[in-house]
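Trainee:
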Amino acid sequence: MNNIIEREHNSIYQTYKRLPIVISRAEGVRIFAENGDVYLDFLSGIAVNALGHSHPRIIEAAEDQLRKYMHVSNYFYQEPQIELAEKLVKLSGLNKVFFCNSGTEATEAAMKLTRKWANPKGKTEILAFTGGFHGRTYAALSIMDKPNYKNGMGPFLDGCKVLPLNDVASLMASINSGTAAVCIEYIQGEGGISEPSREFNEMLNELHIQHGFLLIADEVQSGIGRSGKFFAFEHFDAKPDIITVAKGMGGGLPLGGIITSEELSEIWEKGNHGTTYGGNAVACRTGSVVIDVLEEGLLNQVNEIGNYFHTKLSDIKDKYPEKVLQVRGRGLMKGLLLSFDAQILVNELLERFVISNAASGSVLRIVPPLIVNKEEIDEFISKLDESLPVL
8 MNNIIEREHN SIYQTYKRLP IVISRAEGVR IFAENGDVYL DFLSGIAVNA
58 LGHSHPRIIE AAEDQLRKYM HVSNYFYQEP QIELAEKLVK LSGLNKVFFC
108 NSGTEATEAA MKLTRKWANP KGKTEILAFT GGFHGRTYAA LSIMDKPNYK
158 NGMGPFLDGC KVLPLNDVAS LMASINSGTA AVCIEYIQGE GGISEPSREF
208 NEMLNELHIQ HGFLLIADEV QSGIGRSGKF FAFEHFDAKP DIITVAKGMG
258 GGLPLGGIIT SEELSEIWEK GNHGTTYGGN AVACRTGSVV IDVLEEGLLN
308 QVNEIGNYFH TKLSDIKDKY PEKVLQVRGR GLMKGLLLSF DAQILVNELL
358 ERFVISNAAS GSVLRIVPPL IVNKEEIDEF ISKLDESLPV L
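Heads up, the sequence shown is in the working numbering, so the first residue is 8 and it goes up one at a time.
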């Protein structure tokens, strides 16, 4: 292991806080380390591996497409793209899909499309909310309040403003006829599994109708079934104009996109936006598998297991009320608000061969593969119950 780590230090940018694990292989909800250790993975590649690791249908679809072709560019019509787009259109209630490679690229596309739509109308400002994470390109960073991602790399884009989440007065004061778009994660990932309050959400929906700005639902982490509905915005009676998707959509392969109305899709002329790799055929094939499995019953299972998980986490909160302050989340996108730095608990769980993540300082982010079962939930709860008393 030390040799691998040394080689990594010598050849790769040191921009990631890597765990001290050299991975050999992964299957289901397990990660197998080179030294023989086996970890329970409740991070899922940061909510990417919706069907877990090495799902047989993902492998089958990828292998089949690899034997046909891997990449031909977007100069050609490709059935894997069309099949996945048709499924996304049906599930979203919108009309057209633009494919890219990641959530960051999806945000970039959404903001470029917003500008071209808004400029003739004199709408100039794009708003987002504290705690939100939308990517690391300049457009995405311009609508985020994350200093550690931005320090020393400005100036950022004009016409962007971050408002305090759940501050209704600020929302009402900030939105007007000059508002081009509002971008929101209905369940924040890095923001600590936070949600808009009922009052805040109702006001946002009212202002959306009143002022006619574009509502951008960032579903990169919360979408594709993770919340118990296909899209998290469905919990909030929202009607987004643009949906950004990525992470779980590719089943482990790089894939992102935006979903919009027919009207918005016609704003871009040929050549206005594009990507060499976006909508890769192999990734689109695996993406179709993810949706198929969800529709075959996995989405119902996410709700059932999610409710079971919530009950078990609530029991932990009741057992350790001074350490666990709140259980957050929906479906299999969970968070525990702690009375201390969540990284301390992440480290303790890692000692017990469980992979989790800290979000927003004091929140333990828990995003297991959507295929997780009750026995694996119980295993996680047992390790959590072992960890909290020693902290």
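Backbone N, C-alpha and C define an ideal beta-carbon position, used for all residues, glycine too.
Flag this pair as touching only if the stretch 120 to 136 and the stretch 289 to 307 have three or more C-beta atom pairs under 8 Å; answer yes or no.
Mentor: no
Trainee: List the DSSP bridge partners of Gln333.
Mentor: For Gln333, the pairing in a beta bridge is given by DSSP as Leu344.
Trainee: Compare the beta carbon distance of Ser369 and Leu339 with 7 Å and say whether it is the shorter of the two.
Mentor: no
Trainee: CB-CB under 6 Å to Gly313, same chain, minus the five flanking residues each way: which ones, in chain order?
Mentor: Gly235, Gly338, Leu339
Trainee: My parser needs the alpha helix (DSSP H) runs of 4 or more residues fully inside the stretch 101 to 162; what are they?
Mentor: 110 to 125, 145 to 149, 154 to 157
Trainee: For Asp325, which of helix, strand or coil comes out of DSSP?
Mentor: helix
Trainee: For the putative contact between Ile150 and Cys167, defined by C-beta atoms under 8 Å, what is the C-beta separation to the nearest angstrom?
Mentor: About 5 Å; that satisfies the 8 Å criterion.
Trainee: Rank Asp44, Ile133, Gly285, Ala57 by C-alpha distance to the C-alpha of Gln85 and give the top, closest one.
Mentor: Gly285
Trainee: For Phe163, which residues from the same chain have a beta carbon less than 8 Å from its beta carbon, with the 5 sequence-adjacent residues on both sides left out?
Mentor: Tyr145, Leu148, Ser149, Lys157
Trainee: Just the C-alpha distance for Gly198 and His141, rounded to the nearest angstrom, thanks.
Mentor: Rounded to the nearest angstrom, the two C-alpha atoms are 11 Å apart.
Trainee: For the stretch 27 to 70, which segments carrying the alpha helix (DSSP H) assignment without a break, of at least 4 residues, lie completely within its bounds, in sequence order?
Mentor: Uninterrupted alpha helix (DSSP H) stretches at least 4 residues long and entirely within the stretch 27 to 70 occur at 51 to 54, given in chain order.
Trainee: In this structure, does DSSP put Gly263 in helix, strand or coil?
Mentor: strand
Trainee: Is the stretch 74 to 89 touching the stretch 237 to 252 in the sense that three or more CB pairs, one from each, lie closer than 8 Å?
Mentor: No contact exists between the stretch 237 to 252 and the stretch 74 to 89.
Trainee: May I ask which residues mark the beginning and end of the alpha helix (DSSP H) holding Lys236?
Mentor: First-last for Lys236: undefined, no H or E at that position.
Trainee: Among Lys324, Leu320, Ile351, Gln350, which one has its Cα closest to the Cα of Lys341?
Mentor: Leu320
Trainee: Can you tell me which of the three DSSP states Thr293 falls into?
Mentor: In this structure, Thr293 counts as helix in the three-state DSSP scheme.
Trainee: What residues match up with Val370 in a beta bridge as DSSP calls it?
Mentor: Leu344, Ala366
Trainee: Between Gly159, Val397, Arg359, which has its C-alpha nearest Leu47's C-alpha?
Mentor: Arg359
Trainee: Classify Tyr23 as buried or exposed, calling it buried when 16 or more other Cβ atoms lie within 10 Å of its own Cβ.
Mentor: Counting Cβ neighbours within 10 Å, Tyr23 comes out exposed, since fewer than 16 surround it.
Trainee: Quick check on Ala188: does DSSP put it in helix, strand or coil?
Mentor: strand
Trainee: Leaving out five residues before and five after Ala68 in sequence, what residues of the same chain have Cβ atoms less than 6 Å from its Cβ?
Mentor: Arg292, Thr293, Val296
Trainee: Keeping to the same chain, check which residues put their C-beta closer than 8 Å to that of Arg2; ignore five residues upstream and five downstream.
Mentor: Outside the shown range of the chain, which is 8 to 398, sits residue 2, and nothing can be said about it.
Trainee: Taking its Cβ as the centre, do 16 or more other Cβ atoms sit within 10 Å of Gly278, making it buried, or is it exposed?
Mentor: exposed
Trainee: Give the range of the alpha helix (DSSP H) segment to which Asp385 is assigned.
Mentor: Unbroken alpha helix (DSSP H) run through Asp385: 381 to 394.
Trainee: So, with DSSP's three-state summary, where would you put Ile249?
Mentor: strand
Trainee: Identify the residues that DSSP records as bridge partners of Asp225: which are they?
Mentor: Thr251
Trainee: Just confirm the distance between the C-beta atoms of Gly138 and Ser201, as a whole number of angstroms; I'd bet it's less than 8 Å.
Mentor: 5 Å
Trainee: For the alpha helix (DSSP H) containing Val175, name the first residue and the last one.
Mentor: 175 to 181
Trainee: For Cys291, would you say it is in contact with chain D, using Cβ-to-Cβ distances shorter than 7 Å as the test?
Mentor: This model lacks chain D altogether; it includes just one protein chain.
Trainee: Name the DSSP bridge partner or partners of Val169?
Mentor: Ala135
Trainee: What number of angstroms, rounded off, separates the C-alpha of Phe240 from the C-alpha of Ala224?
Mentor: As the crow flies, the alpha-carbon of Phe240 is around 7 Å from that of Ala224.
Trainee: Going straight from the alpha carbon of Leu301 to that of His78, what length do you get?
Mentor: 27 Å
Trainee: Where does Ala176 land, buried or exposed, given buried means 16+ other C-beta within 10 angstroms?
Mentor: exposed
Trainee: Compute the Euclidean distance between the alpha carbons of Ile274 and Pro127, then round it to the nearest angstrom.
Mentor: Across the structure, Ile274 and Pro127 are spaced so that their CA atoms are roughly 11 Å apart.
Trainee: Keeping to the same chain, check which residues put their C-beta closer than 6 Å to that of Met256; ignore five residues upstream and five downstream.
Mentor: Ile231, Leu262, Gly294.
Trainee: Taking 7 Å as the threshold (C-beta atoms), are Leu377 and Ala57 in contact?
Mentor: yes
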